[in-house]
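Colleague: The structure that follows is given in the form of structure tokens.
There are 2 protein chains.
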Amino acid sequence: MPRLETVTVQLTGWAADPERPALGDACPIERAITLLGRRSTVLLLREAAYGTSRFDDFVRRTGLTESVTAGELRRLVTEGLLAKQPYQEPGRRQRHEYVLTEAGHALVPILLALGEWGTKHRPHNPHVEARHAGCGAPITVEVHCTTGHRVPEDEVAIVVAEDRVA
Amino acid sequence: MPRLETVTVQLTGWAADPERPALGDACPIERAITLLGRRSTVLLLREAAYGTSRFDDFVRRTGLTESVTAGELRRLVTEGLLAKQPYQEPGRRQRHEYVLTEAGHALVPILLALGEWGTKHRPHNPHVEARHAGCGAPITVEVHCTTGHRVPEDEVAIVVAEDRVA
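So the protein lines, in turn, are chains A and B.
For the first sequence, the residue numbers in UniProt numbering are 1 to 166.
For the second sequence, the residue numbers in UniProt numbering are 1 to 166.
This is the structure in structure tokens:
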């Protein structure tokens, strides 16, 4: 087997220090995964992106227990990823449904990136996959920079910054 | 507060059936998150993408315990995301290091999408973030289709397919 390369992404500043400690909350990947790093969370967010909004539908369409579903939905509302809003069917009492907030919708590229990886690297039949409704081609998640360049892995630079918090 | 929209992504076939059961292994997002859905897994993969390859460095740079690190590294090798290869420093006994495989490198867009979300929706100072080494602009993960179209969330179609397994 050929020797695999170890260094890919470019590190600068203290991120590049061989003796550096854990990044902890300084790392946005770590902040995101601390919130999302449970299978149950991701399954519920997937269903919310698919338009599921009612408790019983979340339970049936994820296969999670009612108890886990209730706890996770509550947490996702507290974290601002889902909003809880009232609805009422004629002749029935008012109930609540759960809808993605703006921060929740912003998670959709992560879900699609997971789906693209699963489709390629953990194939299974039959399967569902994401396509472009307009042309039918499979979805692919691409790494760009905000200037518009396509960014390959060896041009990703991890930098320390202090200017993003309002 | 304005009423939030529930339906975003387009569902077709049995994925659109209101009574449908859990997608389970038919869903590639579910297959991916079953493998990756632990905070410890993502932190170790982040470090591997940053070029960390040795056990003691993984422990210090993630803040995970030695026991969790050892267990997760073993699992990631078994799952084919990391490869274990020997190295030897002069005058010392042979040891092993851990390097991303091709399937492991393919996870980098997921890590960058998590980082982009964390930077925008869970701001923190000081912080590290990903930039394009060439021009310095922040990284953004974009949803396209393989034909080249940029795909907004309401043009994502979830379809049932049977033709992707070799």
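From the three backbone atoms N, C-alpha and C, an ideal C-beta is built for every residue, glycine too.
Please state the DSSP three-state secondary structure of residue 46(B).
Modeller: Helix, per DSSP.
Colleague: Residue 129(B) bridges to which residues according to DSSP?
Modeller: DSSP, once it has assigned bridges, lists 159(A) as partnering residue 129(B).
Colleague: State yes or no: is the beta carbon of residue 20(A) nearer than 9 Å to at least one beta carbon in chain B?
Modeller: Yes, residue 20(A) counts as interfacial toward chain B.
Colleague: Please tell me whether residue 213(B) and residue 156(A) are closer than 9 Å, where the distance is taken between their beta carbons.
Modeller: The structure shown does not extend to residue 213(B), since chain B is modelled only from 1 to 166, so the question has no answer here.
Colleague: For residue 82(B), which residues in the same chain have their Cβ closer than 7 Å to its Cβ, ignoring the five residues on either side in sequence?
Modeller: Once the five neighbours on either side are set aside, the close Cβ partners of residue 82(B) are 48, 73, 76, 98, 99, 100, 101 and 104.
Colleague: Scan the segment 95–108 of chain A for residues whose Cβ lies nearer than 8 Å to a Cβ of chain B and list them as they occur along the chain.
Modeller: The residues in question are 97, 99, 100, 101, 103, 105, 106, 107 and 108.
Colleague: Take residue 115(A) and list the residues in its own chain whose beta-carbon comes closer than 6 Å to its own, dropping the five residues that flank it on each side.
Modeller: Only 130 meet the Cβ criterion.
Colleague: At a CB distance below 7 Å, what residues from the segment 62–81 of chain A approach chain B? Give them in sequence order.
Modeller: Within the segment 62–81 of chain A, the residues whose Cβ lies closer than 7 Å to some Cβ of chain B are 62 and 63, listed in chain order.
Colleague: With DSSP as the reference, label residue 113(B) as helix, strand or coil.
Modeller: Helix.
Colleague: If you follow the beta strand (DSSP E) that residue 20(A) is in, where does it begin and where does it stop?
Modeller: That residue, residue 20(A), is in no beta strand (DSSP E); it is neither H nor E in DSSP.
Colleague: How would you call residue 66(A), buried or exposed, if buried means at least 16 neighbouring beta carbons within 10 angstroms?
Modeller: Exposed, by the Cβ-count rule.
Colleague: Report yes or no: is there a C-beta of chain A within less than 9 Å of the C-beta of residue 118(B)?
Modeller: Yes, contact with chain A.
Colleague: At least one CB of chain A closer than 9 Å to the CB of residue 112(B): is that the case?
Modeller: Cβ-Cβ to chain A under 9 Å: yes for residue 112(B).
Colleague: Alpha carbons only, please: which of 141(A), 132(A) and 94(A) is nearest the one belonging to residue 12(B)?
Modeller: Minimum Cα distance to residue 12(B) is reached at 132(A).
Colleague: Could you check the C-alpha separation between residue 125(B) and residue 146(A) for me, to the nearest Å?
Modeller: The straight-line gap from Cα to Cα measures roughly 21 Å.
Colleague: Quick one: Cα of residue 2(B) to Cα of residue 44(A), how far?
Modeller: Confidence in residue 2(B) is poor, its pLDDT being 47 and thus under 50, which makes the residue's placement unreliable; the coordinate value appears in the next sentence. Distance between the alpha carbons of residue 2(B) and residue 44(A): 23 Å.
Colleague: Under three-state DSSP, which class holds residue 105(B)?
Modeller: Here residue 105(B) sits in helix by DSSP.
Colleague: Going by the beta-carbon positions, is the gap between residue 39(A) and residue 78(B) smaller than 9 Å?
Modeller: Cβ atoms of residue 39(A) and residue 78(B): not closer than 9 Å.
Colleague: With a threshold of 9 Å between beta carbons, is residue 162(A) in contact with chain B?
Modeller: By this cut-off, residue 162(A) is an interface position.
Colleague: Could you give the residue range of the beta strand (DSSP E) that holds residue 86(B)?
Modeller: Here the beta strand (DSSP E) through residue 86(B) covers 82–87.
Colleague: Compare the C-beta of residue 46(A) with all C-beta atoms of chain B and state if any pair is closer than 9 Å.
Modeller: Yes, residue 46(A) lies at the interface with chain B (some Cβ there is under 9 Å from its Cβ).
Colleague: Under 9 Å, Cβ to Cβ, is there at least one residue of chain B near residue 91(A)?
Modeller: No, residue 91(A) lies away from the interface with chain B (no Cβ there is under 9 Å from its Cβ).
Colleague: Going along the chain, which residues of its own chain have a beta-carbon closer than 8 Å to the beta-carbon of residue 30(B), five neighbours each way excluded?
Modeller: Counting only Cβ-Cβ distances below 8 Å, and skipping sequence neighbours, we find 23 and 24.
Colleague: Grouping DSSP H, G and I as helix and E and B as strand, with all else coil, what is residue 166(A)?
Modeller: Because residue 166(A) sits at a pLDDT of 42, beneath the cut-off of 50, its placement in the model cannot be relied upon, and the point is left open.
Colleague: Please report how far the alpha carbon of residue 89(B) lies from the alpha carbon of residue 95(B), in whole angstroms.
Modeller: Spanning the two alpha carbons is a distance of roughly 9 Å.
Colleague: In this structure, how does DSSP classify residue 140(A) when only helix, strand and coil are distinguished?
Modeller: Residue 140(A): strand per DSSP, three-state reduction.
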